[in-house]
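One structure is given here, and the rest of the page talks about it.
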Amino acid sequence: MNMNSFRSLVVLAFCLFSLTSMAQKEVYLFSYFVDNGQDGLHLAYSNDGLKWTPLNEGKSFLAPTVGKDKLMRDPCIIQGKDGLFHMVWTSGWWDRIIGYASSPDLINWSEQKAIPVMEHEPTAKNSWAPELAYDPASGEYIIFWATTIPGRHSDVASSEREKGLNHRMYCTRTKDFKSFSPTEMLFNPDFSVIDANIFPKNNQFYMFLKNENPNPPEKNIRITVSDKAAGPYPLKVSEPITGKYWAEGPTALQVGKYVYVYFDKYTEHKYGAVRSKNMVDWEDVSDQVSFTKGVRHGTAFKVSKKVFNGLLNGN
12 MNMNSFRSLV
22 VLAFCLFSLT
32 SMAQKEVYLF
42 SYFVDNGQDG
52 LHLAYSNDGL
62 KWTPLNEGKS
72 FLAPTVGKDK
82 LMRDPCIIQG
92 KDGLFHMVWT
102 SGWWDRIIGY
112 ASSPDLINWS
122 EQKAIPVMEH
132 EPTAKNSWAP
142 ELAYDPASGE
152 YIIFWATTIP
162 GRHSDVASSE
172 REKGLNHRMY
182 CTRTKDFKSF
192 SPTEMLFNPD
202 FSVIDANIFP
212 KNNQFYMFLK
222 NENPNPPEKN
232 IRITVSDKAA
242 GPYPLKVSEP
252 ITGKYWAEGP
262 TALQVGKYVY
272 VYFDKYTEHK
282 YGAVRSKNMV
292 DWEDVSDQVS
302 FTKGVRHGTA
312 FKVSKKVFNG
322 LLNGN
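Every number in our numbering is 11 more than the matching position in the sequence shown, counting from 1.
In structure tokens:
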């Protein structure tokens with residue numbers, strides 16, 4: 012190859028790279044916590060859905076201020092129709108509230124407030140891993156989480172470590188994050204369930220969830236599908252889409268032709284993922300995804316280049 016040909020190839024490669032960068036108008040973000048969640052919100056980014064890099068040098072963007080334990084575990088963020096980013100999180104291990112805050116840019120946050128989702132149930136043990144989904148049929152946001160209310164549901168065989176925990180998914184609805192509908196049941200299967208994530212695709216709503224049964228242990232991710240964001244969701248769920256490892260905290264993201272479902276392989280202290288083109292056949296790509304050490308139970312979402320550049324520049 013002569014020098015002129017080499018230069019032409021370099022120019023062509025640069026042009027293709029520039030066109031690809033210009034075509035990608037969005038960046039993928041991942042909200043997560045580290046350790047016990049005491050230092051608050053962390054964010055990572057990716058351009059391909061595989062390699063995830065921490066923002067802000069891995070430091071927290073927002074410290075928690077609500078709840079008994081003042082934690083910010085399981086942070087879930089979606090961008091609303093109002094342009095704001097709305098976030099909910101687990102504020103403590105045994106709280107009957109969840110945390111809420113909003114932001115126009117993921118840097119400047121509103122005052123944090125406690126949403127008393129289970130305060131009306133005096134025996135409720137917890138309000139874990141709240142998530143958000145938008146319901147286009149009603150124009151409402153659905154906030155949903157896992158709670159154990161002793162004696163309320165069919166028993167499951169417990170382990171000593173998880174004795175007395177038997178979760179179901181509850182929800183409330185809101186249009187403005189100021190007033191909320193009465194708490195109601197969202198999903199009540201015959202197993203202990205936590206960590207639901209609702210993902211819209213092809214006019215259907217896929218609920219990814221963790222079968223939390225402890226004895227014999229399941230600890231895997233499954234799917235149920237509804238025509239409506241608010242359900243009802245069939246109680247008969249899919250077979251596990253994850254492997255022989257324990258997995259929790261699923262979050263789904265469309266990346267090109269694939270839907271990725273990321274999850275916390277919490278006993279192995281690392282993240283994994285499966286992906287699918289048709290939402291039926293799932294390929295385990297855990298060996299292809301790369302997260303920084305210490306990432307815990309996150310949510311994947313998309314932001315504009317403008318928002319991303321603001322995060323990079325700190326404004």
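Glycine included, C-beta positions come from ideal geometry on N, C-alpha and C.
>> Whole angstroms are fine: how far does the CA of Tyr282 sit from the CA of Val300?
In response: 8 Å
> What's the C-alpha gap between Ser29 and Val266?
Replying inline: With a pLDDT of only 39 at Ser29, under 50, the local geometry of the prediction cannot be trusted, and no value is derived from it.
> Since Val318 contacts Leu117 with CB under 8 Å, what's their CB separation in whole angstroms?
Replying inline: 6 Å
> Can you tell which of Ile153, Asp80, Lys174 and Lys230 has its C-alpha closest to the C-alpha of Val204?
Replying inline: Lys230
> If you draw a straight line from the alpha carbon of Pro127 to that of Leu52, how long is it in whole angstroms?
Replying inline: 21 Å
>> Using the Cβ count rule (16 or more neighbours within 10 Å means buried), how would you classify Glu151?
In response: buried
>> Looking only at its chain, what residues have a beta carbon closer than 7 Å to the beta carbon of Glu279, apart from the 5 residues adjacent to it on each side?
In response: Tyr256
>> Any heavy atom of the ligand MN inside 7 Å of the beta-carbon of Asn58?
In response: Because no ligand of any kind appears in the structure shown, any question about the ligand MN cannot be addressed here.
>> Quick check: the region 55–63 against the region 83–102, are at least 3 beta-carbon pairs closer than 8 Å?
In response: no
> With DSSP run on the structure shown, which of helix, strand or coil describes Ser32?
Replying inline: Since pLDDT at Ser32 reaches only 42, below the 50 mark, its modelled position is unreliable, and the value read off the structure follows with that caveat. Three-state DSSP puts Ser32 in a helix.
> For Val285, which three-state DSSP category applies?
Replying inline: strand
> Is Leu54 near Ile89, with beta carbons less than 8 Å apart?
Replying inline: no
> Which first and last residues belong to the beta strand (DSSP E) in which Lys212 is found?
Replying inline: Val204 to Lys212
> Skipping 5 residues on each side, what residues in its chain have a beta carbon closer than 6 Å to that of Ile209?
Replying inline: Ala144, Phe216 and Met218
> In terms of residues, what are the limits of the beta strand (DSSP E) holding Leu54?
Replying inline: His53 to Ser57
> Where do the N-terminal and C-terminal ends of the beta strand (DSSP E) with Leu40 fall, by residue?
Replying inline: Glu37 to Phe44
> From what residue to what residue does the alpha helix (DSSP H) around Val318 run?
Replying inline: Lys316 to Asn324
> So is Asn214 buried or exposed if we call it buried at 16+ other beta carbons inside 10 Å?
Replying inline: exposed
> Under a Cβ-count criterion, where at least 16 other Cβ atoms within 10 Å of its own Cβ denotes burial, should Asn177 be classed as buried or exposed?
Replying inline: buried
> Is the CB-CB distance between Gly103 and Asp85 below 8 Å?
Replying inline: no
> With C-beta atoms as the reference, is Phe44 less than 8 Å away from His308?
Replying inline: yes
> When the Cα of Ala135 is compared with those of Gln123, Gly175 and Asp146, which residue comes out closest?
Replying inline: Gly175
> Can you name the start and end residues of the beta strand (DSSP E) that Phe72 belongs to?
Replying inline: No beta strand (DSSP E) contains Phe72, which DSSP labels as neither H nor E.
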